[in-house]
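Chains as they are written, first to last, in my numbering: chain A, 8 to 391; chain B, 232 to 533.
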Amino acid sequence: MFKNPYIKAVLISVWFGLLVLPFAGIRTALLLAGAVLAGSAVIAAFKALGRAGLFTGVKRAEVLLGSTIEGFTHGPRKAVALSVILALLLVLPFTANRYTLDLATQSGIYIVLALGLNIVVGQTGLLVLGYVAFYAVGAYTYALLSTHLGVSLWASLPVAAILAGIFGLLLGAPTLRLRGDYLAVVTLGFGEITRIVLNNWDSLTGGPNGISGVPRPSAGPLIFTSLEHYYFLVLAMAVVTVFVVQRLNNSRIGRAWIAIREDEVAAEAMGVNTTMLKLLAFALGAVLAGLAGVFYVAKMGFVSPESFNFLESVIILCMVVLGGMGSIPGVVLGAVVLYLMPEALRDFQQYRMLIFGAAMVMMMRFRPQGLIGTKRRGIEMGAE
Amino acid sequence: MELFLQQIINGITVGAVYALIALGYTMVYGILELINFAHGEIYMLGAYLGIIVLGFLTVTGLTAVSLPLAIFLTIIAAGVICAAYGATMEKVAYRPLREAPRLAPLISAMGVSIFLQNYVMLTQGATDKVFPPIIPKKSVMFSGVEVTYIQIFIVIASFVLMAGLHFFIMRTRMGRAMRATALDKKMAGLVGVNIDMVISVTFVLGSFLAAVAGVMVAMYYGLVNFYIGYLAGMKAFTAAVLGGIGNVPGAMIGGFVLGILESLGAGYLWPEYKDAFAFIVLVLILIIRPQGLLGERTPDKV
Numbered sequence: 008m009f010k011n012p013y014i015k016a017v018l019i020s021v022w023f024g025l026l027v028l029p030f031a032g033i034r035t036a037l038l039l040a041g042a043v044l045a046g047s048a049v050i051a052a053f054k055a056l057g058r059a060g061l062f063t064g065v066k067r068a069e070v071l072l073g074s075t076i077e078g079f080t081h082g083p084r085k086a087v088a089l090s091v092i093l094a095l096l097l098v099l100p101f102t103a104n105r106y107t108l109d110l111a112t113q114s115g116i117y118i119v120l121a122l123g124l125n126i127v128v129g130q131t132g133l134l135v136l137g138y139v140a141f142y143a144v145g146a147y148t149y150a151l152l153s154t155h156l157g158v159s160l161w162a163s164l165p166v167a168a169i170l171a172g173i174f175g176l177l178l179g180a181p182t183l184r185l186r187g188d189y190l191a192v193v194t195l196g197f198g199e200i201t202r203i204v205l206n207n208w209d210s211l212t213g214g215p216n217g218i219s220g221v222p223r224p225s226a227g228p229l230i231f232t233s234l235e236h237y238y239f240l241v242l243a244m245a246v247v248t249v250f251v252v253q254r255l256n257n258s259r260i261g262r263a264w265i266a267i268r269e270d271e272v273a274a275e276a277m278g279v280n281t282t283m284l285k286l287l288a289f290a291l292g293a294v295l296a297g298l299a300g301v302f303y304v305a306k307m308g309f310v311s312p313e314s315f316n317f318l319e320s321v322i323i324l325c326m327v328v329l330g331g332m333g334s335i336p337g338v339v340l341g342a343v344v345l346y347l348m349p350e351a352l353r354d355f356q357q358y359r360m361l362i363f364g365a366a367m368v369m370m371m372r373f374r375p376q377g378l379i380g381t382k383r384r385g386i387e388m389g390a391e
Numbered sequence: 232m233e234l235f236l237q238q239i240i241n242g243i244t245v246g247a248v249y250a251l252i253a254l255g256y257t258m259v260y261g262i263l264e265l266i267n268f269a270h271g272e273i274y275m276l277g278a279y280l281g282i283i284v285l286g287f288l289t290v291t292g293l294t295a296v297s298l299p300l301a302i303f304l305t306i307i308a309a310g311v312i313c314a315a316y317g318a319t320m321e322k323v324a325y326r327p328l329r330e331a332p333r334l335a336p337l338i339s340a341m342g343v344s345i346f347l348q349n350y351v352m353l354t355q356g357a358t359d360k361v362f363p364p365i366i367p368k369k370s371v372m373f374s375g376v377e378v379t380y381i382q383i384f385i386v387i388a389s390f391v392l393m394a395g396l397h398f399f400i401m402r403t404r405m406g407r408a409m410r411a412t413a414l415d416k417k418m419a420g421l422v423g424v425n426i427d428m429v430i431s432v433t434f435v436l437g438s439f440l441a442a443v444a445g446v447m448v449a450m451y452y453g454l455v456n457f458y459i460g461y462l463a464g465m466k467a468f469t470a471a472v473l474g475g476i477g478n479v480p481g482a483m484i485g486g487f488v489l490g491i492l493e494s495l496g497a498g499y500l501w502p503e504y505k506d507a508f509a510f511i512v513l514v515l516i517l518i519i520r521p522q523g524l525l526g527e528r529t530p531d532k533v
């Protein structure tokens with residue numbers, strides 16, 4: 008209708024200005040309209056420069072960077088890269104301040120969570136939106152066992168893992184035959200029901216106040232008091248998780264999961280036991296979340312339903328998607344980036360969730376395969 | 232008995248609201264097979280716009296002249312602005328992803344939802360907003376049951392809108408194009424239906440209805456917050472699924488059924504679990520009868 012790019016840009020800026028006018032007032036509306044106009048001018052300029060061939064160098068650099076990263080994540084230098092990262096992580100507590108260490112510890116918990124969800128969503132292709140329910144099961148199991156029965160962290164770990172796994176199976180079994188987004192909604196419903204129950208079952212869970220005073224865990228004579236202890240605990244957990252998930256990924260089970268994700272009917276026809284494998288994915292994802300929950304409570308010494316809302320599920324899902332579904336280095340990176348991004352945006356405290364939401368939309372539009380996509384995934388997610 | 236009837240009346244009122252929002256979910260799902268997670272936020276925007284526009288009309292003095300006219304204008308204005316939001320949302324967040332795998336638009340929708348919530352929180356503040364108390368709190372009694380004017384208004388307005396929508400879908404050219412697109416997008420495109428236009432119109436209609444629901448809820452409860460969209464959206468989605476997603480009359484029936492169920496459940500069983508009811512209904516329906524009350528079973532496409 009409006010082919011002239013100048014008129015179009017003006018119209019778009021007026022449109023957005025009018026949209027925000029009733030909410031934000033005239034000043035912000037004018038500012039936004041101006042910003043949109045300036046933005047479209049910049050985009051137009053870049054496009055013109057691109058047509059003039061100025062960006063071939065940039066493109067080449069991007070490709071080169073991509074293949075370098077690929078070399079580290081999939082290629083021959085993988086072992087070197089991994090040992091360097093591990094060494095850095097091991098010396099971190101001796102150089103970093105408390106704040107950094109705390110961030111690193113929490114990132115580790117998110118890495119475990121994201122890797123667990125990656126099994127379900129990234130590898131098996133089952134969209135689960137209520138993942139925090141499993142996290143909550145693990146967290147509350149440990150909190151209850153330790154405060155009421157005085158069970159230690161180490162004894163609670165298997166209990167929490169088994170309970171979360173059972174919870175995963177309970178959720179997985181009836182929902183197996185549902186298609187993609189129906190499954191998403193049912194799991195969302197389960198997640199919300201779990202949170203509402205935790206919030207209202209005062210006699211067991213302490214209701215909205217949660218459970219506090221979880222004793223500090225110990226290992227033999229060593230009592231975990233300092234942040235360093237927790238850091239190493241979580242680091243060990245994360246490393247073991249990465250190892251296990253990596254081994255699974257390259258195993259018969261991992262390949263079967265990917266087959267289910269790509270084409271369930273074809274996978275079944277080739278003799279993959281889809282029911283068992285989907286249940287296994289659910290259970291394993293839940294177990295990892297349960298373990299992460301235990302470590303979370305061990306570190307915080309406190310748990311409340313607040314930590315397990317829908318947004319948390321969405322953020323963990325975003326870690327998987329942003330990093331690159333099905334790609335283990337990608338998911339690890341996604342977890343760290345997404346957890347640290349709000350911290351980095353601390354100066355824009357109020358705007359950070361706004362930016363976060365916009366980033367989700369932009370990411371899906373411009374780089375749906377994630378930061379480090381898997382090659383296997385590439386075809387479906389339309390890379391290149 | 233009085234309690235029972237009172238709960239039914241309350242249930243029908245909320246049900247009408249759920250039904251209006253559910254229509255947006257079901258129409259979008261029928262055409263795009265997308266769960267528009269941001270639809271609840273449009274309803275929330277509508278509720279805010281109700282307060283903002285009515286406030287503006289009060290300043291200009293119109294509410295003093297004629298309150299019904301002011302309310303009518305408020306509803307129309309909120310509906311139109313939300314329709315613009317809906318169309319923009321589709322264009323920015325969903326249209327570029329139409330050929331992408333199904334997960335992509337779903338995540339994009341959640342992004343829009345987070346964005347809109349925080350946008351309203353930033354521009355309107357994080358505290359509750361109060362609807363101007365200019366609507367008379369009058370009510371009529373039917374054999375011991377109190378029915379407020381606002382409740383009557385909500386139910387009548389919803390029925391009028393639903394009838395209007397039904398007429399639009401069944402009797403107009405654009406409505407026919409919408410039905411054709413829902414049946415087979417590609418084929419409809421081949422016989423000359425402007426698919427992009429149809430999808431835009433779908434979002435416009437759904438957003439308009441959600442906005443009206445938002446304004447009416449703001450009048451009914453008197454309080455609005457930036458996070459009301461999520462829960463209302465989930466409940467309306469439940470209503471859509473209950474009726475059979477993609478099925479327009481189903482969404483209307485689903486809304487009323489859910490509203491009444493929830494109201495009775497909260498009144499008689501466990502009030503503190505009121506919000507869990509919708510989710511339990513949702514989970515049960517999807518597991519037991521995923522096609523909903525009126526939906527047809529669609530075979531999985533291979």
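Virtual Cβ for every residue (Gly too), placed ideally from N, Cα, C.
Best match in G377(A), P222(A), G278(A) for proximity to F302(A) [C-alpha to C-alpha]: Your numbering for residue 302(A) matches position 295 in the first sequence. Of the candidates G377(A), P222(A), G278(A), the one whose C-alpha sits nearest the C-alpha of F302(A) is P222(A).
Residues near L183(A) by beta carbon distance below 8 Å, same chain, minus five either side: To locate residue 183(A), count along the first sequence from 1; it is residue 176. Cβ neighbours of L183(A) beyond the five flanking positions: T282, K285, L286.
First through last residue of the beta strand (DSSP E) which encompasses T294(B): Residue mapping note: residue 294(B) aligns to position 63 of the second sequence, counting from 1. Run containing T294(B): none in the beta strand (DSSP E); it sits in the alpha helix (DSSP H), 293 to 296.
S20(A), enclosing alpha helix (DSSP H) - first and last residue: Taking the first sequence and counting its residues from 1, the one referred to as residue 20(A) is at position 13. 12 to 58 is the span of the alpha helix (DSSP H), which, as asked, contains S20(A).
8 Å Cβ cutoff, R374(A) in contact with chain B: On the first sequence, residue 374(A) is found 367 positions in, with the first residue counted as 1. So no, R374(A) is outside the interface.
Alpha-carbon spacing of I366(B) relative to F390(B), whole angstroms: Sequence index remark: in the second sequence, residue 366(B) carries index 135 (1-based). Sequence index remark: in the second sequence, residue 390(B) carries index 159 (1-based). Taking the straight line from one Cα to the other gives about 21 Å.
Range covered by the alpha helix (DSSP H) that runs through M370(A): What you label residue 370(A) is simply residue 363 of the first sequence in a count that begins at 1. Segment 359 to 373, the alpha helix (DSSP H) holding M370(A).
Neighbourhood of L454(B) by C-beta, 8 Å cutoff - its chain only, sequence neighbours within 5 removed: Counting from 1 along the second sequence, the entry for residue 454(B) is found at position 223. The residues are D359, K360, V361, F362.
Listed by chain order, chain A residues near Y316(B) by CB distance under 7 Å: In the second sequence, residue 316(B) corresponds to position 85, counting from 1. What Y316(B) touches in chain A: L26.
Contact between the stretch 456 to 463 of chain B and the stretch 265 to 273 of chain B (3+ Cβ pairs under 8 Å): yes
S258(A) - DSSP class collapsed to helix/strand/coil: The residue labelled residue 258(A) in the question sits at position 251 within the first sequence. Residue state, collapsed to three classes: coil.
Buried or exposed (CB count within 10 angstroms, at least 16 for buried), F355(A): Along the first sequence, one-based indexing puts residue 355(A) at 348. The residue in question, F355(A), is exposed, as its Cβ has fewer than 16 Cβ neighbours within 10 Å.
Under 8 Å between C-beta atoms of Y274(B) and G464(B): In the second sequence, the residue the question calls residue 274(B) occupies position 43. In the second sequence, the residue the question calls residue 464(B) occupies position 233. Against a cut-off of 8 Å, the Cβ pair of G464(B) and Y274(B) comes out as a contact.
Candidates N425(B), T412(B), Y451(B), Y325(B): closest to Y380(B) by CA position: What you label residue 380(B) is simply residue 149 of the second sequence in a count that begins at 1. For Y380(B), the nearest C-alpha among the options comes from Y451(B).
Cutoff 8 Å: N349(B) Cβ touching any chain A Cβ: Taking the second sequence and counting its residues from 1, one reaches residue 349(B) at position 118. At least one chain A Cβ lies under 8 Å of N349(B).
Minimum C-alpha distance to G242(B) - residue among L515(B), K466(B), Q522(B), I476(B): As a first step, residue 242(B) is located in the second sequence; it is residue number 11 there, counting from the start. Of L515(B), K466(B), Q522(B), I476(B), the residue nearest in Cα terms is K466(B).
Among I362(A), M367(A), F289(A), S74(A), the one whose alpha carbon lies nearest that of Y350(B): Residue mapping note: residue 350(B) aligns to position 119 of the second sequence, counting from 1. Of the listed residues, the one whose Cα sits closest to Y350(B) is I362(A).
Distance between S370(B) and I518(B) (C-alpha atoms, nearest Å): Here residue 518(B) refers to the residue found at position 287 of the second sequence. Here residue 370(B) refers to the residue found at position 139 of the second sequence. Going from the Cα of I518(B) to the Cα of S370(B) covers about 41 Å.
Cutoff 8 Å: G196(A) Cβ touching any chain B Cβ: The sequence position of residue 196(A) within the first sequence is 189, counting from 1. For G196(A), the answer is yes, since a Cβ of chain B falls inside 8 Å of its Cβ.
Collapsed DSSP secondary structure at I266(B) in the structure displayed: By one-based count along the second sequence, residue 266(B) stands at place 35. Coil at I266(B), not helix or strand.
G73(A) burial status per 10 Å Cβ neighbour count (16 or more: buried): The sequence position of residue 73(A) within the first sequence is 66, counting from 1. That one is exposed.
Status (buried if at least 16 other CB within 10 Å, exposed otherwise) for W501(B): One-based indexing of the second sequence puts residue 501(B) at position 270. Per the 10 Å Cβ criterion, exposed.
Enclosing beta strand (DSSP E) for E570(B) [first to last residue]: Absent from the structure is residue 570(B), since the part of chain B shown begins at 232 and ends at 533.
Which of helix, strand or coil DSSP assigns to S370(B): Indexing the second sequence from 1 puts residue 370(B) at position 139. Residue state, collapsed to three classes: strand.
Proximity test, Cβ basis, 8 Å: L361(A) and chain B: As a working mapping, residue 361(A) is identified with position 354 in the first sequence. By this cut-off, L361(A) is an interface position.
Buried versus exposed, by CB contacts within 10 Å (16 or more), I386(A): For the purposes of this step, residue 386(A) is identified with residue 379 of the first sequence, where counting begins at 1. Residue confidence is low: I386(A) scores 44 on pLDDT, short of 50, so the model does not pin down where it sits. No coordinate-derived value is stated.
Short Cβ contact (8 Å threshold) for E321(B) with S494(B): Here residue 321(B) refers to the residue found at position 90 of the second sequence. Here residue 494(B) refers to the residue found at position 263 of the second sequence. For E321(B) and S494(B), no; Cβs fall outside 8 Å.
Counterpart residues of V361(B) in DSSP-defined beta bridges: The sequence position of residue 361(B) within the second sequence is 130, counting from 1. DSSP output for V361(B) lists L454(B) as bridge partner(s).
Interface residues of the stretch 419 to 442 of chain B facing chain A [CB-CB below 7 Å]: none
Separation of M367(A) from Y147(A), as counted between CA atoms: Your numbering for residue 147(A) matches position 140 in the first sequence. Your numbering for residue 367(A) matches position 360 in the first sequence. Spanning the two alpha carbons is a distance of roughly 30 Å.
Helix, strand or coil at L183(A) according to DSSP, with G and I counted as helix: Reading the first sequence from its first residue, position 176 is the one you call residue 183(A). Looking at L183(A) - three-state DSSP - the assignment turns out to be coil, as it is neither helix nor strand.
Counterpart residues of I218(A) in DSSP-defined beta bridges: Start at 1 with the first residue of the first sequence, and residue 218(A) comes out as number 211. V310(A), per the DSSP bridge assignment.
Proximity test, Cβ basis, 8 Å: Y189(A) and chain B: Translated into positions along the first sequence, residue 189(A) becomes position 182. Chain B, which has a Cβ nearer than 8 Å to the Cβ of Y189(A), makes this yes.
Closer than 8 Å to chain B by CB, L177(A): In the first sequence, counting from the first residue as 1, residue 177(A) sits at position 170. Judged by the 8 Å Cβ criterion, L177(A) is not in contact with chain B.
Residues of its chain near V533(B), where Cβ-Cβ distance is below 7 Å and the 5 sequence neighbours each way are ignored: Within the second sequence, the letter at position 302 stands for residue 533(B). Note on V533(B): pLDDT 38, under 50, position unreliable in the model; no value is reported.
Pairwise C-alpha distance: E199(A) and G179(A): Here the question's residue 179(A) lines up with position 172 in the first sequence. Here the question's residue 199(A) lines up with position 192 in the first sequence. Near 16 Å, if we compare the C-alpha coordinates of E199(A) and G179(A).
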